Structures are given as C-alpha cells and as structure tokens.
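A.B. asks: In our numbering, the protein residues as written are 1045 to 1664.
All C-beta atoms in this analysis are idealised placements derived from N, C-alpha and C, irrespective of residue type, glycine included.
If you're wondering where the values come from, they're calculated on a predicted model, not measured in any experiment.
Please find one structure pasted underneath; my questions will follow.
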Amino acid sequence: MIYENVMQAVFLSRPNRFLARVLLNGNEAVCHVKNTGRLGELLIPGVPAAVQFHPDAMAQGRKTEYSLIAVKKEAAQGPQWVNIDSQAPNQTAWEWLTAGEGLPFCPRPDHVKREVRYGDSRFDLAFSCGGSPWFMEVKGVTLDMDGTAMFPDAPTERGIRHLEGLMQAVKDGYGAAALFVIQMKGVHAFSPHRERHPEFAAALKKAKENGALFLNHHPVTDLLAEDGRVTGALLMDVREDEPRFTLVRAGAVIMATGCSTRLYPNSMTPAMLFNSGFCPSCAGGMASAYRIGARLVNMEHPYTHAGTRYFARCGKATWIGVYKYPDGRPIGPFVRRPDREIGDNTSDVWKSVFADLMANGTGPAYLDCTEASPEDLEFMRQGMISEGLTSQLDYMDREGIDPARHAVEFGRYEPLLFGRGLEIDETGSTNIKGLYVAGDPIGNFRSGIAGAVTWGWISAENASRHVKEAELSERAREDPLIAARLALYEKLLRRENGAPWQEFNIALQQLMNDYCPPAPRVRSETLLRAGLKYMGDLRAHALRDMAAPNSHTLMRGLEVLDLVDLGEAVMTAARERRETRVQHIRSDCPFTSLSDGEKFINVELKNGRPVTSWRRRRML
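In structure tokens, the structure reads:
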C-alpha cells in the first residue's frame, strides 16, 4: 500500500475521535483521523506526525484537506513510525493475497473476495485454498509494549464477535484465519492484551483451540430477487468517504428497518428535516422490498403522533394529565382528572384537535398534569426515562418547567409510515419467498415495541426454518439490478455541480403536504392526480440533478429516492380509496363506506408502475 502526497507535521490535539489538529508548515490545520480507536499511547501533543494531502478534497465533499495516517513514538529500540490508518491492514492483506504471495498453509490462494458475509458474520476476506473455501478476519495492531505488539488497545466486543464467527465457520467445515497486521517496525513478538480486554484474550485462545489458524460498517441499498424469492442484498460501506459495495447472498432476509420518517414535513418545525419524534434515519428502508415485488398495505393512512410542541420526542402516552384550553377547561368530554391507566385519549379520537383549536382561535392546547398525585408524577417521570426522554427531562429541569405546577403545550408531529408498510402473513412472511418482516415496517399490524418483539420472534423462527431448505442462488451475482444500481450510484458520486439531497427531500415533503395531506386537510382526485404527476417529475429531476460526493451523502440521497417510491405508493392508495375514513378525508367522496371498512388496499409494483388491489380484512 502506497500513500501519495504525504507531508510531515506535528500533532497538537484530538478534539474528537474523527478530527485532529496538527502544526503543518508553521500553520495549524485540521485533519481527518483515519482511526476511531483511543490511540492514547500514540496521540501525544508534540509528537511528529504524517498527514496525507487530498488535492481533490472539495470535489469529493470532504470536510478537510488532510488525513492523519501516522505518528512517531519513542520506543526502547528508538523512535518508530506507527501507521494508524485503520483501513491499511485490510488493504494490505488484500494486496498480499491477490499478488499470490501465499500463506504458510496455502501457497497459492485464489478467488480472493472482500467483505464476505457468512451467517451472522461479515469477514474481511474470503479465498480458496486448493479448492477449499477460507475466511479471514484482519486486525491492525498499533500498540507496542517493550517490543511486543499487543491487541487490542481498548475493549472490543466487535473483535470477540469476529472470533466467534470464525469458530462457527470452522465447525461448519470452512477454513478460518485471523491475520494481525503489525503497523510498525521494531517489534519481536505478538500477544493478546489480557489486561486491556481479558475476554478477547480468552476468545482468541478458544478460537485457536477450535481449529482457527492465527497469522498474525453497512446500510442495505437494494434487495435482490429471482423467480419470486429473495436471493440477497446489496450493502454499502459508509465508513470512508468513498463507499464500497458488497453483495450478500441469502436464502432468507428479515427486514426490520423501522418506520419511515421524513416523508412529510414536521408541522411544528418544517425546516428541520431531522426533528422527528421517531428515528429520522429510519427513512425508506421498506422501499427495497417494494421494488422487488413485495406488497404494501394501508399506505393511505399515515400515522401521526402527539407530543410536546416544538420538542419532537415520542411519549404522549407517558403523560398523566388532561388536555385543556388556555382558560383551564378540559378540551374533550372523556377525561376530567388525570388517570394513570388511560391518560387523555382526546387526541386519539379527535385527530385534528390541535389544528382545529389553532384555526378557530380557541387554542393552543395544553396537557395539564397539575392535579396528578405525587406518586403518578414520579411514575410518569420514570416512564419518560424508560422511553429515552432524558433530553426532554433535562431541558425541562434546566428551564424550570415542572409538570406539577405548569401545563405544557402539545401538538401533533409529522405524518409517518408506522404500522403502514409491508404486508405479512401469520408467519411474518411477505409475498416474496424468504422475505420476512419484524417491527414497524409491517403494514397490517400495529407494531411498536411489543409488536417488534412478537414479530421478531415469529419471523426469526420461520426464517430459520426456511433457510434450511433454501439454496443460495448462483445467479445472484449476475442480477442485472446490481449493475444498474451501481451505475446510478457512480453517477451520483461523480456528478459535479449537482443539487444536494436535502433539496429533494424538502421538495418531496412539500409535495406530500400539498397534494396528499392527512386530516384535517383534504384530498381529492384532482389533487392526487396532480401529485402523482409531480412525484414522477421529482424522481426524474433527482436522478438527473442530485449529487452525492461521498458515501454519507449518497446514503441520504438513496433514502430520498426510497421515500419518493413510498410517497408514490401513498398517493396511489389514497387515490384508490374513494371514501372518507379516519385521517383520509376526500372532499369529493365525503361519506364513509359501510362495505369498504372491512377491506384493505394493497399496492405493488408491476412493470415498474404501482398497481392497487383490494382484499378483505382478516385476523392474523
């Protein structure tokens, strides 16, 4: 491995694990640290450092022009340069094997591959030795203690999992090796660092005893299918600026990508893409299943959630209080005093309550907990802590907001696809063989935590049974979808002077809000028809004009394209349901059908276009 444009500097400090300050040519400069480990013995202020200059940093969308790749440390055998680039060991091992240099147990390795998944593990390298398949895990070693190279320099649960994966591979009849690459000269021995992580040392010993030979990060962009069954997935490594893609062949896939956010603007903070009560990174994951033919269901009914206004965090159900007008009168007819068991369900049955009160001038709406008992208030606080609402509690404590004394304004968050999505049967399976779903992407089951646990168990059991009989597709590598998608990704990465993904995400949210809004606003045939036309235009513009100069922005850009697919499905289902029901209000179909209430609408892609069908509601 050879570095270009290397310059010598002096290390000054490390503000966080990704950045370092160095003195370069008499001026202070900021560098990207190509290693997220602690490196406490190496990164000492004042030590000589080596940085790599990236002349095309701006074009690549990098935040800095320099990367810190090595430092010089004082050792018993004299000053020694230590390479700290965490990607160097893997690259070096790859170059070594592909050059045919050979191993003690395998003089001529061939068919070398990178980032290969086996079972629950993803190994750095795989190769063939005399016709027998082998897996190899590569670890870089930067810690030198009196001439002995030691690993790890900090506890690594991930390292233990890799060793366990190697042991399982050996049990299954494969060859397995762990390669420790010493990133410095002057050492005469290698040892696991028992003091730093005794569990890793024990796992290393156990792995060796189990037959492994010791020498010393990825979102799914696409699913693959063949003849109506899932065959694998295409993954993107986003740990570096330049993404790497890995094909994983699979007999079964369990999709657990969470609900889909960022499809609609947040009504309370529309300019803030990530101010969501749910995980904002759970965007359009289910779209990859939709593109290979999986059916979506109930898409016309986006879910909305109530909570504290301007503080987008989940947890309306956690509050023990009563919705009230500014003058202290209860808003709904159901709850007059705080009730630990039911809370106040006014916003559940009167979905447009917050918008209505603001529109008619009787608002805003407040949740009043002042009449709750001290025991209920403490119960509420512990419930909020359990839900992960510590940031909200910290803010309230800092600002002196006490639910025992102050009513808190509430509002409704953005619509999202939660419990609206992929249709499953009683086994957790979709209509695509081998594709199972767990958690919030399920469309015909209200999920949440309880549902995620339930369907995680059911889907895992049935997927494990299925995969025992499923054969890995030998044609997955030749799937034309891979070449087409990789060509698209390359265009987005290399496109100059394009628009960032945020512009298209905001445009998408505006489209959904204008042409397919949930209650209290209305939908109609003319609005939805126009919205679908504009959605097609948006997709075309994104494919033509969006630029994603690095792996992170590419990931976000692909999420937007996924959301466009889902937005089109929402509009298509809303156009098909010609009635008014719950949050689906049709101005041109104002009545609720007695017969259609027991029917669900499916949406699936056929010949690249969304097609709807009806089915009767049934119990799983």
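1. Name the DSSP beta bridge partners of Glu1072, please?
2. With a threshold of 7 Å on Cβ separation, who are the neighbours of Pro1196 within its own chain once the five nearest residues in sequence on each side are excluded?
3. Is Pro1123 near the ligand MG, going by C-beta to nearest heavy atom under 6 Å?
4. Kindly give me the distance between the Cβ atoms of Arg1058 and Val1074, rounded to whole angstroms, as I take these residues to be in contact under 8 Å.
5. Rounding to the nearest angstrom, what Cα-Cα distance links Arg1381 and Asp1589 in this structure?
6. What does a CB cutoff of less than 8 Å around Leu1259 pick up in its chain, not counting 5 residues either side in sequence?
7. Which partner residues of Pro1123 appear in the DSSP bridge assignment?
8. When the distance is taken between beta carbons, is Val1511 closer than 7 Å to Met1299?
9. Compare the beta carbon distance of Asn1127 and Gln1227 with 7 Å and say whether it is the shorter of the two.
10. Here's the rule: buried if 16 or more other CB atoms are within 10 angstroms of the residue's CB, otherwise exposed. What is Gln1426?
11. By how many angstroms is the C-alpha of Gly1641 removed from the C-alpha of Arg1573?
12. Could you check where the beta strand (DSSP E) with Pro1092 kicks off and where it finishes?
13. Output the boundary residues of the alpha helix (DSSP H) element that contains His1206.
14. If we call anything under 7 Å between Cβ atoms a contact, is Gly1487 one with Arg1464?
15. Below 7 Å between beta carbons: does that hold for Arg1661 and Glu1467?
16. By DSSP, does Met1299 sit in helix, in strand, or in coil?
17. Leaving aside the five residues before and after Ala1451 along the sequence, list all residues of the same chain whose C-beta is less than 6 Å from its C-beta, in chain order.
18. Alpha carbon to alpha carbon, what distance is there between Asn1549 and Ala1315?
19. Taking only three categories from DSSP, how would you classify Ala1563?
20. At 4 residues or longer, and completely inside the stretch 1478-1521: list those alpha helix (DSSP H) runs for me, N to C.
21. Based on DSSP bridge pairs, tell me the residues matched to Glu1060.
22. Tell me, to the nearest whole angstrom, how far the beta carbon of Asn1049 is from that of Phe1097; I am working on the premise that it is less than 8 Å.
23. Please report the Cβ distance between Ala1496 and Ala1296, rounded to the nearest whole angstrom; I am assuming they are in contact, meaning their Cβ atoms lie under 8 Å.
24. How about Val1292 and Gly1276: do their beta carbons lie closer than 7 Å?
25. Quick one: what's got a C-beta closer than 8 Å to Leu1532's C-beta in the same chain, skipping five residues either side?
26. DSSP on Pro1524, reduced to helix/strand/coil?
27. Just to confirm, is the Cβ distance from Gln1627 to Pro1309 under 7 Å?
28. First and last residue of the alpha helix (DSSP H) that includes Glu1422?
29. In the DSSP assignment, what residue or residues form a beta bridge with Arg1661?
30. Under three-state DSSP, which class holds Gln1227?
31. Are Ile1364 and Asp1441 touching if we call contact CB-CB under 7 Å?
32. Which residue or residues does DSSP assign as beta-bridge partners of Ser1631?
33. Span of the alpha helix (DSSP H) holding Pro1133?
34. Report the rounded CA-to-CA distance for Ala1101 versus Thr1108, giving the unit in angstroms.
35. Quick check on this structure: which residue in Ser1391, Val1379, Arg1384 and Ala1333 has the alpha carbon closest to the alpha carbon of Tyr1347?
36. With DSSP as the reference, label Ser1332 as helix, strand or coil.
C.D. replies: For this structure:
1. For the purposes of this step, residue 1072 is taken as the residue at position 28 of the sequence shown. The partner list for Glu1072 (beta bridge, DSSP) reads Leu1067.
2. Looking up residue 1196 in the sequence shown gives position 152. Counting only Cβ-Cβ distances below 7 Å, and skipping sequence neighbours, we find Gly1203, His1237, Arg1240, His1241 and Phe1244.
3. The model on display carries no ligand, and the ligand MG is accordingly not part of it.
4. Taking the sequence shown and counting its residues from 1, one reaches residue 1058 at position 14. Taking the sequence shown and counting its residues from 1, one reaches residue 1074 at position 30. About 11 Å; that fails the 8 Å criterion.
5. As a working note, residue 1381 is residue 337 in the sequence shown. As a working note, residue 1589 is residue 545 in the sequence shown. Going from the Cα of Arg1381 to the Cα of Asp1589 covers about 55 Å.
6. Within the sequence shown, numbered from 1, the residue matching residue 1259 stands at position 215. Any answer about Leu1259 is weak, because its pLDDT of 46 lies below 50 and its placement is not dependable; what the coordinates show is given next. Same-chain partners within the cutoff: Leu1147, Pro1148, Ala1221, Ala1222, Leu1223 and Phe1224.
7. Working through the sequence shown from its first residue, we reach residue 1123 at position 79. Pro1123 pairs with nothing; no bridge assigned.
8. Locating residue 1299 in the sequence shown gives position 255, counting from the first residue. Locating residue 1511 in the sequence shown gives position 467, counting from the first residue. Contact: no.
9. Residue 1127 sits at position 83 when you count from the first residue of the sequence shown. Residue 1227 sits at position 183 when you count from the first residue of the sequence shown. Yes, Cβ-Cβ distance for Asn1127 and Gln1227 is below 7 Å.
10. What you label residue 1426 is simply residue 382 of the sequence shown in a count that begins at 1. That one is exposed.
11. For the purposes of this step, residue 1573 is identified with residue 529 of the sequence shown, where counting begins at 1. For the purposes of this step, residue 1641 is identified with residue 597 of the sequence shown, where counting begins at 1. When rounded, the distance between both Cα atoms is 24 Å.
12. Here residue 1092 corresponds to residue number 48 of the sequence shown, with the count starting at 1. Run containing Pro1092: Pro1092 to Phe1097, per the beta strand (DSSP E) assignment.
13. Working through the sequence shown from its first residue, we reach residue 1206 at position 162. Glu1201 to Lys1215 is the extent of the alpha helix (DSSP H) around His1206.
14. Numbered from 1 along the sequence shown, position 443 holds the residue referred to as residue 1487. Numbered from 1 along the sequence shown, position 420 holds the residue referred to as residue 1464. Cβ atoms of Gly1487 and Arg1464: closer than 7 Å.
15. Working through the sequence shown from its first residue, we reach residue 1661 at position 617. Working through the sequence shown from its first residue, we reach residue 1467 at position 423. Contact: no.
16. Walking along the sequence shown from the start, residue 1299 turns up at place 255. Correct three-state label for Met1299: strand.
17. The residue labelled residue 1451 in the question sits at position 407 within the sequence shown. Only Tyr1410 and Asp1412 meet the Cβ criterion.
18. Sequence index remark: in the sequence shown, residue 1315 carries index 271 (1-based). Sequence index remark: in the sequence shown, residue 1549 carries index 505 (1-based). Roughly 11 Å between the two C-alpha positions.
19. Position 519 of the sequence shown, counting from 1, holds the residue named residue 1563. The answer is coil: DSSP assigns Ala1563 none of H, G, I, E or B.
20. 1492-1513
21. In the sequence shown, counting from the first residue as 1, residue 1060 sits at position 16. The sequence given here has Asn at residue 1060, not Glu. Paired residue(s): Leu1063.
22. By one-based count along the sequence shown, residue 1049 stands at place 5. By one-based count along the sequence shown, residue 1097 stands at place 53. The Cβ separation is near 4 Å, so the contact holds.
23. In the sequence shown, residue 1496 corresponds to position 452, counting from 1. In the sequence shown, residue 1296 corresponds to position 252, counting from 1. That pair is no contact at about 18 Å.
24. In the sequence shown, residue 1292 corresponds to position 248, counting from 1. In the sequence shown, residue 1276 corresponds to position 232, counting from 1. In contact: Val1292 and Gly1276 (Cβ atoms closer than 7 Å).
25. In the sequence shown, the residue the question calls residue 1532 occupies position 488. These residues qualify, in order along the chain: Leu1587.
26. On the sequence shown, position 480 is the one that residue 1524 refers to. If DSSP states are grouped into helix, strand and coil, Pro1524 belongs with the helices.
27. By one-based count along the sequence shown, residue 1627 stands at place 583. By one-based count along the sequence shown, residue 1309 stands at place 265. No, the Cβ-Cβ distance between Gln1627 and Pro1309 is not below 7 Å.
28. If you number the sequence shown from 1, residue 1422 lands on position 378. Segment Pro1418 to Ser1430, the alpha helix (DSSP H) holding Glu1422.
29. Translated into the one-based positions of the sequence shown, residue 1661 becomes position 617. Looking at the DSSP assignment, Arg1661 forms no beta bridge with any residue, so it has no partner.
30. In the sequence shown, residue 1227 corresponds to position 183, counting from 1. In the structure shown, Gln1227 sits in coil (DSSP, three-state: anything other than H, G, I, E or B).
31. Within the sequence shown, residue 1364 is the residue found at index 320, counting from 1. Within the sequence shown, residue 1441 is the residue found at index 397, counting from 1. Their beta carbons are not under 7 Å apart, which means Ile1364 does not touch Asp1441 by this criterion.
32. Taking the sequence shown and counting its residues from 1, one reaches residue 1631 at position 587. DSSP, once it has assigned bridges, lists no residue as partnering Ser1631.
33. For this step, residue 1133 is matched to residue 89 along the sequence shown. Element bounds for Pro1133: Ala1132 to Thr1142.
34. The sequence position of residue 1101 within the sequence shown is 57, counting from 1. The sequence position of residue 1108 within the sequence shown is 64, counting from 1. Cα-Cα distance, rounded: 7 Å.
35. For this step, residue 1347 is matched to residue 303 along the sequence shown. The option with the nearest alpha carbon to Tyr1347 is Ser1391.
36. One-based indexing of the sequence shown puts residue 1332 at position 288. In this structure, Ser1332 counts as helix in the three-state DSSP scheme.
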